[in-house]
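Take a look at the structure below.
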Amino acid sequence: MHEASPSSGSNLAETWFLRRAWQPFPFQREVWQAVRQGESGLLHATTGSGKTYAVWLGALERFASVAASPDKPASLTVLWITPMRALAADTARALQTPVDELGIHWRIGLRTGDTGSAERARQSRRLPSALVTTPESLTLLLTRADARQAFGQLRMVIVDEWHELLGNKRGVQLQLALARLRRWMPELIVWGLSATLGNLQAAKDILLYPAQGRLVQGRIDKPLAIDSLLPPSIERFPWAGHLGLRMLPQVVEQIQSAATSLVFTNTRSQAERWYQALLEARPDWAGLIALHHGSLAREVRDWVELGLKQGALKAVVCTSSLDLGVDFLPVERVLQIGSPKGVARLMQRAGRSGHAPGRTSRVTLVPTHSLEVIEAAAAQVAVAERRIEARSAPHQPLDVLVQHLVSMALGGGFRPDDLFAEVRQAWSYRELDHAQWQWALAFVRHGGHSLTAYPDYQRVEPDESGLWKVPSKRVALRHRMSIGTIVSDASLTVKFWARGGTGRSLGSIEEGFIARLRPGDCFLFGGRLLELVRVENMTVYVNRATSRKAAVPRWNGGRMPLSSELADAVVEQLGAASRGHFDSDEMRLVQPLLQVQMDWSSLPSETTLLAEVMKSREGWHLFLYPFAGRHVHLGLASLLAWRMGQRQPLTFSIAVNDYGLELLSATALDWLHELTPTLFDTDDLLHDVLASLNASELARRRFREIARIAGLVFSGYPGAQKSARQLQASSGLFFDVFRQYDPANLLLTQAEEEVLRQELEIERLEQTLTRLQQRRLAVHQIKRTTPLAFPLMVERFRESMSSEKLADRIRRMVAELDKAAGPGGYQPEPHADITVERETRRARKPRKRKDGTPAPPGTKPR
Amino acid sequence: MNPFLPIELERTELWLLADKAIYWPAEQTLLIADIHFGKAAAYRRLGQPVPKGTTETNLQRLDTLLQQYPSQGLIFLGDFLHAPESRTPETHAQLLAWRRRHRLLEITLIRGNHDRRAGDPPVELGITVVPEPLLLGPFALQHEPEPHPTHHVLAGHLHPAFRLHGRGRQSLRLPCFCIGERVSLLPAFGSFTGMMDIGAGVAQRLYVTGQGSVWQVR
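Same order as they appear, the protein sequences are chains A and B.
Heads up, our numbering is the position in the first sequence plus 5, with the first residue counted as 1.
Heads up, our numbering is the position in the second sequence plus 71, with the first residue counted as 1.
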């Protein structure tokens, strides 16, 4: 370690680079210069490009010259915000190196949910000079009664991976925290680091609002190679259910040929299954390949990450849990199993490879069904043309605001007028009006207008001097426990069964999945085949299992929709195909599928909207292909169903995927006659969509997240007694009670607005409708399920939507039950009855009820 | 529409009511499971803003039943009060006012798991509190659905619901009565209570309730 005097502050960064014999990039110098001048900004740079040194050395140069000694390090000067606590330790290490080498007397500290009590106690006495933390932990620090004093010397905030936070409520939580810090320290310098986005300018403005700041262009992205792994032949009836394991031999071959590969999947279940399949294919890879996803225990993930850094692993099967973070130099190849979903996401994942000198980033797409082959072709075009998605911040989410009010009441209390002004300095709340503010105040004080003067309710109360505070210690504790905006289902710890309960923890799993299993049942978790022993005190006890049959947990993480950019690129490929152009290997491969589609129906294109109608034993089907992503399709399907329901009482079952939607009616419906352009009108859109929400379950599901964040549903203290569960109610129950007794509650309004904005993406829906109106509606009466309709037909996730009276629905279902009644009780019609043409060559019959594949409704294990 | 459905169980006629209760005509008695009074109040006490009105709704529904089905007795099959925090002055006042409207009614509570934590109802309510089982005719009235050696058990506790499946892949989840060989279950009466799905396997007969009617499913 070199000892140097930090007094020569003005060229500290240059000095350090010189010492290391490194040449600074121009963008690094630009950031140093800007920080020197006290400017804020956004640095656009990918991981591994030296962005950390750009902002960190800039900070050291400007602030480290403050006299400090080893026994009394500088007080908190820089905050480093990271979206994932897993990244915090690595970041802290990276920040430590120049501090040591330059002999700066700064202490670098960590504060995340994982931070131990000793370190927390130390920090409560004195915060370190630079603190690496997450948005949640920052808010928690701000609830300290002495927060203002503790943060008094703060000079700079750096937000790493801002693109990850920008579009969600965690980002909003951070905006609010920044607004508070800026009010205390108007000179505060804020820098964001962001990967490529379609709207970097807006990303900067949101972070720095109301200031402007500087946008610095980082090192130009290194060359990116995208290719795809194509099967020798394709299925003409594409089916998302089997997770693409057909491609296993080719994937094994690719992994074999590279030193280290990352195998990205889109879901945790898919990762579990692929890991297991790889091990079965290559038992000699045991110990050389590993699994990494967000539900695995911290120690397991640490071990995998360490193995990656050291180059000890041949391959890691992972989910978005490895999208971010420090670079793993040994990674040569990235494979993406299934749809890449978006252009930015694909580029981000590709960027995880090829960091060793002289290498390019390379990603290989592995389509899991035939339609994804088309996506692979489209993704290559979209990346080449850099059609990168934009990302915007949520618009004044009231649940986050309500949570923030309680946090600020804890953090020394607040005066409403001051806080109102402060909150409006956060971009997402810049248009918050007085009425909404008054509602939020009333909500934290009385629980909403309907509860006014209810004596036993109190959360935040003004004291005699008008300072709003939390009077109850119990409420304060509950609030601190539940700060945060990430919502997941109640999850249970998975542990090996051992006498005395000393078994090792494997990770966590959602309650809903375990509830469907009985002791003795087997499931895959953490790459192991496990047998359920018992469930007790929020813990799932398991043993190793030997059985071959196992269920794969389905974690209810949100399913990501295909981005508009990628969807448009897919439609362009189909349009070209309809004009007879098959210009790539991918498109030539899927030509037989597209030929069947054209023979039985037609292909969608940039100018036509394809609709297919069909009668099956299940009922009357409509298939429609707007190619606008699953969220928009869900909104569109609810809208169409509701508008149809205004003409006659009907109940629909709705299925959607990224390409299209299906409306299925159990009662006779003349689709050819009913499918008119007025159904696609944009007039009264908002009204109709809101009305359709009331008739479906969407708002109710959305309310789950809102209720948690706003503090309605409390997920419990760790290790709480069973009696604590008697005080937990499901958000669904809350939703019903609010609907019945307090229908004007703004949280309900917010649930609706969020469904509109996020689940249904109303703006995208409106654009889609406008675009659909310009397209020619091509309706085909089909006799059998076409290649495009087939995946919708077997889609497991279904919504329902009804304009019938409940009594009529019950009567009909009971009557159907009676009809079907036999000694074994009710058996729903299995899917085998759908009219899929069998005579076509090589059209494979779907494998039924194997793991991971859709089982007919009603046959799932209870 | 059939607001009630008479069934025969252990050679006794019982009426399954659409409003999630059982009426026993021979005894002129209403059986109510899992009413969970004061649940919303308990939440409010803990700083969770649940709207008011659930207790009032529960009491009105009881009034309606008592009016429609001549009753001398009312038996709660456990979980009368939700939690210790439910013992608020307001809930207490509401219950007392309701009790004054039904002075002659004989009310019995069979202690359930929530009652053990929440404590017995206030004495002024004039409710006889007994541990399970309460033997009455051929039935053992209980909170928890544990089989009884000699009597057929009528119990609550589970808040049973059944999922109906229909054509066109439709489904509906509704509260239900499960009539079994040794143990039968009542749906939860309380308006602020959840439900638990019951498979078709456990009961011999299943009746769902919805839109003011009782429907036999199997």
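We put the CB at the ideal spot given by N, CA and C, even for glycine.
All values reported here derive from a predicted model rather than from experimental measurement.
Going by DSSP in three states, residue i sits in which element: helix, strand or coil?
{"i": "SER233 of chain A", "result": "strand"}
{"i": "SER470 of chain A", "result": "coil"}
{"i": "THR20 of chain A", "result": "helix"}
{"i": "GLN287 of chain B", "result": "strand"}
{"i": "VAL321 of chain A", "result": "strand"}
{"i": "ARG278 of chain A", "result": "helix"}
{"i": "LYS850 of chain A", "result": "For LYS850 of chain A, the pLDDT reaches just 38, beneath the cut-off of 50, and the residue's location in the model is therefore unreliable, although a value from the coordinates is still provided. Looking at LYS850 of chain A - three-state DSSP - the assignment turns out to be coil, as it is neither helix nor strand."}
{"i": "PRO231 of chain B", "result": "strand"}
{"i": "LYS478 of chain A", "result": "helix"}
{"i": "LYS500 of chain A", "result": "strand"}
{"i": "TYR746 of chain A", "result": "helix"}
{"i": "ALA26 of chain A", "result": "coil"}
{"i": "LYS620 of chain A", "result": "strand"}
{"i": "THR369 of chain A", "result": "strand"}
{"i": "TYR214 of chain A", "result": "coil"}
Using beta carbons (cut-off 8 Å, strictly below), is residue i in contact with chain A?
{"i": "PHE108 of chain B", "result": "no"}
{"i": "VAL121 of chain B", "result": "yes"}
{"i": "THR126 of chain B", "result": "no"}
{"i": "VAL279 of chain B", "result": "yes"}
{"i": "ALA168 of chain B", "result": "no"}
{"i": "ALA111 of chain B", "result": "yes"}
{"i": "TRP86 of chain B", "result": "no"}
Is the CB of residue i under 8 Å away from at least one CB in chain B?
{"i": "PHE419 of chain A", "result": "no"}
{"i": "ALA671 of chain A", "result": "yes"}
{"i": "ILE810 of chain A", "result": "Checking the sequence shown, residue 810 of chain A turns out to be Lys, not Ile. By this cut-off, LYS810 of chain A is an interface position."}
{"i": "ASP746 of chain A", "result": "The amino acid at residue 746 of chain A is misidentified as Asp; the sequence shows Tyr. True, the Cβ-Cβ gap to chain B drops below 8 Å."}
{"i": "VAL742 of chain A", "result": "yes"}
{"i": "LEU738 of chain A", "result": "yes"}
{"i": "LYS850 of chain A", "result": "Low confidence applies to LYS850 of chain A: its pLDDT is 38, below 50, so where it sits in the model is not reliable enough to give any reading."}
Could you pull out every residue in the same chain whose Cβ sits closer than 6 Å to the Cβ of residue i, ignoring the five residues on either side in sequence?
{"i": "MET619 of chain A", "result": "HIS626 and ILE787"}
{"i": "LEU84 of chain A", "result": "LEU136 and VAL162"}
{"i": "LEU327 of chain A", "result": "HIS297"}
{"i": "SER356 of chain A", "result": "Before going on, a small fix: residue 356 of chain A reads as Gly here, not Ser. Around GLY356 of chain A: THR51 and SER366."}
{"i": "GLN287 of chain B", "result": "TYR278"}
{"i": "PRO288 of chain A", "result": "none"}
{"i": "PHE587 of chain A", "result": "ARG593 and GLN596"}
{"i": "LEU234 of chain A", "result": "GLN255, THR369 and VAL371"}
{"i": "PRO77 of chain B", "result": "GLU84 and TRP86"}
Which same chain residues end up closer than 7 Å to residue i when comparing Cβ atoms and leaving out the 5 residues on each side of it in sequence?
{"i": "THR544 of chain A", "result": "LEU497, THR498 and LYS500"}
{"i": "GLY580 of chain A", "result": "SER610 and GLU611"}
{"i": "MET413 of chain A", "result": "PHE419 and LEU424"}
With a CB to CB cut of under 8 Å and the five nearest residues on each side skipped, what residues in its chain are close to residue i?
{"i": "ALA398 of chain A", "result": "LEU171, GLY172, GLY176, VAL177, GLN180, ILE211, TRP432 and SER433"}
{"i": "LEU196 of chain B", "result": "LEU166, LEU167, ARG170 and ILE178"}
{"i": "HIS222 of chain B", "result": "PRO204, LEU206, PRO209, PHE210 and ALA211"}
Between the options, which has its C-alpha nearest residue i's C-alpha?
{"i": "SER238 of chain A", "options": "A:PRO631, A:TRP290 and A:LEU594", "result": "A:LEU594"}
{"i": "VAL121 of chain B", "options": "B:GLY149, B:GLY109, B:GLN131 and B:ARG132", "result": "B:GLY109"}
{"i": "GLN38 of chain A", "options": "A:ALA59, A:ALA50 and A:GLY55", "result": "A:ALA59"}
{"i": "SER134 of chain A", "options": "A:ASP76, A:LYS56, A:VAL475 and A:ARG814", "result": "A:ASP76"}
{"i": "ASP689 of chain A", "options": "A:LEU644, A:LEU677 and A:SER658", "result": "A:LEU644"}
{"i": "SER606 of chain A", "options": "A:PRO88, A:ARG817 and A:HIS785", "result": "A:HIS785"}
{"i": "LEU599 of chain A", "options": "A:LEU777, A:SER375 and A:THR551", "result": "A:SER375"}
{"i": "VAL336 of chain A", "options": "A:ALA264, A:LEU571 and A:ARG780", "result": "A:ALA264"}
{"i": "PRO220 of chain B", "options": "B:GLN131, B:ARG253, B:LYS91 and B:HIS228", "result": "B:ARG253"}
{"i": "THR681 of chain A", "options": "A:PHE632, A:LEU535 and A:ARG652", "result": "A:ARG652"}
{"i": "HIS153 of chain B", "options": "B:PRO160, B:GLY144, B:ASN184 and B:ALA232", "result": "B:ASN184"}
May I ask you to list, following chain order, the residues of the stretch 212-246 of chain B that have a beta carbon less than 9 Å from some beta carbon of chain A? ARG234, LEU235, HIS236, GLY237, ARG238, GLY239, ARG240, GLN241, SER242, LEU243 and LEU245
Quick one, which residues of the stretch 604-638 of chain A are near chain B if we go by CB-CB under 7 Å, in chain order? GLU623 and GLY624
For the stretch 652-684 of chain A, which residues have a CB atom closer than 9 Å to at least one CB atom of chain B, in sequence order? THR656, PHE657, SER658, ALA660, LEU669, SER670, ALA671 and THR672
Residues of the stretch 138-157 of chain B with a CB closer than 9 Å to any CB of chain A: list them in chain order, please. HIS153, ALA154 and GLU156
Identify each residue in the stretch 336-357 of chain A for which the Cβ-Cβ distance to at least one residue of chain B is less than 9 Å, and report them in chain order. none
Looking at chain B, which residues of the stretch 245-267 of chain A have a Cβ within less than 8 Å of any of its Cβ atoms? none
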